[in-house]
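Student: In my numbering, the protein residues as written are 1 to 264. Would you mind keeping the following structure in view while I ask a few things?
Listed below in structure tokens is the structure:
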């Protein structure tokens, strides 16, 4: 595995008003934007048993990439070597007024316009964020208690997902507000929320980047991943609440297959 070190990124944060709407599942949103839409959004799959990750590739013709793909996510990132590079990441998120909802597989917040992430001169709009327990990505084999995925899309439909690892501790008040508004059951009503996505970000935005896939069926490839090095915090009580409502929802790590991982 080859790791490149990238130059220090710039961060810009805007404080404008946006609206968060809808409770379509995070998996459905991703599949619609990056892969065969109807099948990926409606296909029955689970995180265990006969519809679990080891069987995803045979559930339907549209999910073959889950088994046969060579650029799959998540991965275990090993941090041994440090070549140099620069991706020019610029984040400009906006304050959000909207909703928190649950689906069968996660808790999510969906955006009409959640600000942007700029990467190598291309702008990607923040569409939604959701959570996985435990973390899907690993750093040197370490599994974190939880991971947040901030999903961005450009005008051509290309996806960039910003992954934030989460460990136990005292979370920020805005993040705690998200958990307080989680509906009490799966696929229930949404809850109003005033939230700035900036509050999900750690102070240090150094990160790893690689090309991978959706981590849920149909496992479509061509997704660019940015995994932040510095974790944020979640309380044990909120982690337990997520597990009691959603269960464990992390895909096992996938082979790197000679892919390059960049480091900034």
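All C-beta atoms, glycine included, are put in the ideal place defined by N, C-alpha and C. All values derive from a computational prediction rather than experimental measurement.
Using beta carbons (cut-off 8 Å, strictly below), is residue 149 in contact with chain B?
Tutor: In the structure shown, chain B does not exist; there is a single protein chain.
Student: Relative to the C-alpha of residue 115, which residue among 154, 104, 138, 144 is closest?
Tutor: Stepping through the chain shown from its first residue, residue 115 is reached at position 115. Among 154, 104, 138, 144, the Cα nearest to that of residue 115 belongs to 154.
Student: Between which two residues does the alpha helix (DSSP H) carrying residue 65 extend?
Tutor: Taking the first residue of the chain shown as 1, we reach residue 65 at position 65. Here the alpha helix (DSSP H) through residue 65 covers 65-68.
Student: Under 8 Å: do the stretch 160-179 and the stretch 223-243 share three or more Cβ pairs, one atom per stretch?
Tutor: Cβ pair count under 8 Å is three or more, so yes.
Student: Cα-Cα, which of 239, 105, 192, 89 is closest to residue 207?
Tutor: Translated into the one-based positions of the chain shown, residue 207 becomes position 207. Among 239, 105, 192, 89, the Cα nearest to that of residue 207 is on 89.
Student: Would you kindly work out how many angstroms separate the C-alpha atoms of residue 134 and residue 190, rounded to a whole number?
Tutor: As a working mapping, residue 134 is identified with position 134 in the chain shown. As a working mapping, residue 190 is identified with position 190 in the chain shown. Approximately 24 Å between the Cα atoms of the pair.
Student: Distance check for residue 65 and residue 168, CA to CA, integer angstroms please.
Tutor: Position 168 of the chain shown, counting from 1, holds the residue named residue 168. Position 65 of the chain shown, counting from 1, holds the residue named residue 65. Going by the C-alpha atoms only, they are around 34 Å apart.
Student: Per DSSP, residue 225 forms a beta bridge with which residues?
Tutor: The residue you call residue 225 lines up with position 225 of the chain shown. DSSP lists 161, 210 as partners of residue 225.
Student: Mapping the DSSP letters down to three states, classify residue 116 as helix, strand or coil.
Tutor: Residue 116 sits at position 116 when you count from the first residue of the chain shown. Here residue 116 sits in strand by DSSP.
Student: On the criterion of 16 or more Cβ atoms from any shown chain inside 10 Å, does residue 251 qualify as buried, or is it exposed?
Tutor: Here residue 251 is taken as the residue at index 251 of the chain shown, counted from 1. Residue 251 is buried by the Cβ-count criterion.
Student: Can you tell me whether residue 137 is buried or exposed, with buried defined as 16 or more other CB within 10 angstroms of its CB?
Tutor: Position 137 of the chain shown holds residue 137. By the neighbour-count rule (16 or more Cβ atoms within 10 Å), residue 137 is buried.
Student: Evaluate residue 180 with the Cβ neighbour count: other Cβ atoms within 10 Å of its Cβ, from every protein chain shown; 16 or more gives buried, anything less gives exposed.
Tutor: Translated into positions along the chain shown, residue 180 becomes position 180. The residue in question, residue 180, is exposed, as its Cβ has fewer than 16 Cβ neighbours within 10 Å.
Student: On a Cα-Cα basis, can you pick out the residue from 262, 216, 112, 107 that is closest to residue 244?
Tutor: Position 244 of the chain shown, counted from the start, is the residue given in the question as residue 244. Here the closest residue by C-alpha is 107.
Student: Among the residues of its own chain, which have a CB less than 8 Å from the CB of residue 109, if the five just before and after it don't count?
Tutor: Looking up residue 109 in the chain shown gives position 109. Excluding sequence neighbours, residue 109 sits near 20, 96, 98, 99, 100, 101, 128, 129, 130, 178, 193, 195.
Student: Give the straight-line distance between the Cα atoms of residue 171 and residue 226, rounded to the nearest whole angstrom.
Tutor: Taking the chain shown and counting its residues from 1, one reaches residue 171 at position 171. Taking the chain shown and counting its residues from 1, one reaches residue 226 at position 226. Each residue's alpha carbon lies about 22 Å from the other.
Student: Please classify residue 249 as buried or exposed, where buried requires at least 16 neighbouring CB atoms within 10 angstroms.
Tutor: Mapped onto the chain shown, residue 249 falls at position 249. Per the 10 Å Cβ criterion, buried.
Student: According to the Cβ coordinates, are residue 224 and residue 159 closer than 8 Å?
Tutor: On the chain shown, position 224 is the one that residue 224 refers to. On the chain shown, position 159 is the one that residue 159 refers to. Closer than 8 Å, so yes.
Student: Name the DSSP beta bridge partners of residue 110, please?
Tutor: Taking the first residue of the chain shown as position 1, residue 110 is located at position 110. Beta-bridge pairing links residue 110 to 128.
Student: Please determine, among 124, 104, 119, the residue with the shortest C-alpha to C-alpha distance to residue 111.
Tutor: In the chain shown, residue 111 corresponds to position 111, counting from 1. Comparing Cα positions, the closest option is 124.
Student: If contacts are defined as beta-carbon pairs under 8 Å, then residue 139 and residue 220 qualify, I think. What distance do you get, rounded to the angstrom?
Tutor: Counted from its first residue, the chain shown places residue 139 at position 139. Counted from its first residue, the chain shown places residue 220 at position 220. No, residue 139 and residue 220 are not in contact; Cβ-Cβ is about 25 Å, not under 8 Å.
Student: Where does residue 248 fall in DSSP's three states?
Tutor: Sequence index remark: in the chain shown, residue 248 carries index 248 (1-based). Correct three-state label for residue 248: coil.
Student: From which residue to which residue does the beta strand (DSSP E) around residue 148 run?
Tutor: Taking the chain shown and counting its residues from 1, the one referred to as residue 148 is at position 148. Note, residue 148: beta strand (DSSP E), 146-153.
Student: Return yes when the Cβ of residue 117 is within less than 8 Å of the Cβ of residue 165, no when it is not.
Tutor: As a position in the chain shown, residue 165 is number 165, starting the count at 1. As a position in the chain shown, residue 117 is number 117, starting the count at 1. In this structure, residue 117 does not lie closer than 8 Å to residue 165 by Cβ.
Student: Starting from residue 192, trace the beta strand (DSSP E) in both directions and tell me its first and last residue.
Tutor: The count along the chain shown starts at 1 and reaches residue 192 at position 192. Counting along the chain, the beta strand (DSSP E) containing residue 192 begins and ends at 191-195.
Student: Please report the residue range of the alpha helix (DSSP H) in which residue 50 lies.
Tutor: Against the chain shown, residue 50 aligns to sequence position 50. From DSSP, residue 50 is part of no alpha helix (DSSP H); its letter is neither H nor E.
Student: Can you tell me the Cβ-Cβ gap for residue 44 and residue 51, rounded? I've got them flagged as a contact below 8 Å.
Tutor: Numbered from its first residue, the chain shown carries residue 44 at position 44. Numbered from its first residue, the chain shown carries residue 51 at position 51. Yes, residue 44 and residue 51 are in contact; Cβ-Cβ is about 6 Å, under 8 Å.
Student: For residue 233, name the three-state secondary structure that DSSP assigns.
Tutor: Position 233 of the chain shown holds residue 233. DSSP places residue 233 in strand when its eight states are reduced to three.
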